[in-house]
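Below is one structure; the comments refer to it alone.
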Amino acid sequence: MPGPTADPDLALLTGPSVPDILGAALTPAGGTLRGWSLRDVDHRPGDRTTASYVVRVAWADGEREETFAATVSGRRPEGGLVVTDGDRFIQVWRFPFDPELPGLAAACFPSSVADLLRGLGLPPDGVQLQVVSYRPRKRAVVEVVTERQRLFIKVLRPRQVRDVDSRHRVLTAAGVAVPRSLGWSDDGIIVLAPLRGTPLRTALESGTTALHDPADLVTLLDRLPDELAGLPRRLPWSAHAEHYAGVVAAAAPTLGVRVRALAGDIAAELAAYDGSGSGSGDEPTHGDFYDAQLFVEHGAVSGLLDIDTMGPGRRADDLGCLVAHLSVLATGGFPAAAGARAALTDWLPVLDRRVDPAELRLRAAGVVLSLATGPYRAQDPGWEKATADRVELIERWLDAAASAGSGSSENALIRLS
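Just remember that this note's numbering sits 671 ahead of the position in the sequence shown, which is counted from 1.
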């Protein structure tokens, strides 16, 4: 269970009220709560907080584990079961019946997926499904394997799906190796072909950098078509430093003063590059460029995932996102740690030739601040220490940025231990 928190919405969805919240959903459906554990927390102070749970339920036909989720906010949500105390509204649902992802249920049952494949002119024989990821209210990915093919169903909020399909088609036409869109539906489903190769994060687990030439990373980004710069602007991770500091402070109050000060330092230093700290720029950017989004094959980049966030921005944001994630892998006891350390050592000098080295490190500090919310969100064992370690990593990136800005001979390095 999570530790104590002063935030009332976070406390409501993670503390002693949880059995009552889950019981409100289960009892009318004929289920009895036998146990629960927190699976995931998405806390947005001042807006709404969402938590998901692994729940043990006794039904008339036996006991089983299921995923439930709940959202609390000051605004009454649409659809689903809603309870209120007069000031806050709590919406509760059982996976896959997410009220903001109406296509999810159809993506999770073989019969409905077979119908979907038939509608796209694809053979539906022997459908097998595996849920790859699920972020309540946001998105889900389901892997589909049939007797003759393998593909992925991505489930989004319905208002997003037409735009995401268009981005896939624009990039495919431009020769950028992204998953090819096979079709989409109004309820938020887009069907995607698989990429060739191996996820970069998996490749890094070998202990090597997995790329013959790190300049391939820059080349990939520089090949993004210019028309992406005309898409709506999405502020980069580093522009939300104050928000993420608030999330960390709510989950780990003892880090509050320290992390808010770091957020202020990041915003102040980045203001020198764009006048506002917002990351404004007009280069086509990916928006969430890191190891889990990249595929590699035979020592070269073979594909790029999750293009939903593409739009105008600064190249330093994409590259800063990449090195920030690598630094978390390198210092967090992950299987890819050795490979991530080797990649940082080999890749930073190359990336420094494309963007300002000090800005690259400042952007990385901002991204690590966003990643400092991850251990609590995912309810990792020992999340308190992991959060503190990431806060310390932010400080290292800021020190490295200061060294790079002063022209130090060590401006291509960050202290990883």
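C-beta: ideal position from N, C-alpha, C; glycine also.
Start and end of the beta strand (DSSP E) containing residue i?
i    : result
W707 : 703–714
G984 : 982–984
Using DSSP bridges, identify the partner residues of residue i.
i    : result
F960 : DSSP output for F960 lists no bridge partner at all.
L863 : F823, S852
Q762 : T742, V753
E736 : R727
R840 : Its beta-bridge partners do not exist; DSSP assigns none.
V812 : S804, K825
L965 : L975
On the three-state DSSP scale, how would you describe residue i?
i     : result
L1050 : Just to set this straight, residue 1050 is Gln in the shown sequence, not Leu. Q1050 falls in the coil class under three-state DSSP.
T817  : coil
I824  : strand
V753  : strand
V847  : coil
T721  : strand
P690  : helix
A971  : strand
P794  : coil
A1072 : helix
L1087 : coil
E1066 : helix
E954  : strand
P907  : coil
G991  : helix
D786  : helix
Can you give me the Cβ contacts of residue i inside the same chain, cut-off strictly under 6 Å, excluding the 5 residues immediately before and after it?
i     : result
V889  : R1025
A695  : V754
V803  : V812, E814
A886  : V1021
G952  : G984, R985
Y1095 : It is not possible to answer for residue 1095, since the shown part of the chain is limited to 672 through 1088.
D680  : T720, V743
T880  : A1013, A1014, D1017
P795  : A785, L788, R789
Which residue comes first and which comes last in the alpha helix (DSSP H) that contains residue i?
i     : result
E1030 : 1028–1042
W1018 : 1008–1023
R800  : Sequence check: residue 800 is Leu here, not Arg. Run containing L800: none in the alpha helix (DSSP H); it sits in the beta strand (DSSP E), 799–806.
T873  : 871–875
E940  : 927–945
T890  : 886–893
D680  : 679–685
E913  : 912–922
With a threshold of 8 Å on Cβ separation, who are the neighbours of residue i within its own chain once the five nearest residues in sequence on each side are excluded?
i    : result
Q831 : G859, D979
R746 : R719, F760
R851 : H839, T843, L863, A864
D962 : P870, L871, R872, L875, L993, H996, L997, L1000, A1007, A1011
G706 : V726, R727
So is residue i buried or exposed if we call it buried at 16+ other beta carbons inside 10 Å?
i     : result
T1044 : buried
S1074 : buried
S1077 : exposed
E771  : buried
Q801  : exposed
L941  : buried
W1068 : buried
For residue i, collect the residues of the same chain with a Cβ closer than 7 Å to its Cβ; drop the 5 residues on either side in sequence, then sort them by chain order.
i     : result
A1057 : G1003, P1046, D1051
R1061 : V999, V1039, L1042, A1043
Can you tell me whether residue i sits near the ligand SAH, meaning its C-beta is under 6 Å from at least one heavy atom of the ligand?
i    : result
D887 : No copy of the ligand SAH appears in this structure; indeed no ligand is present at all.
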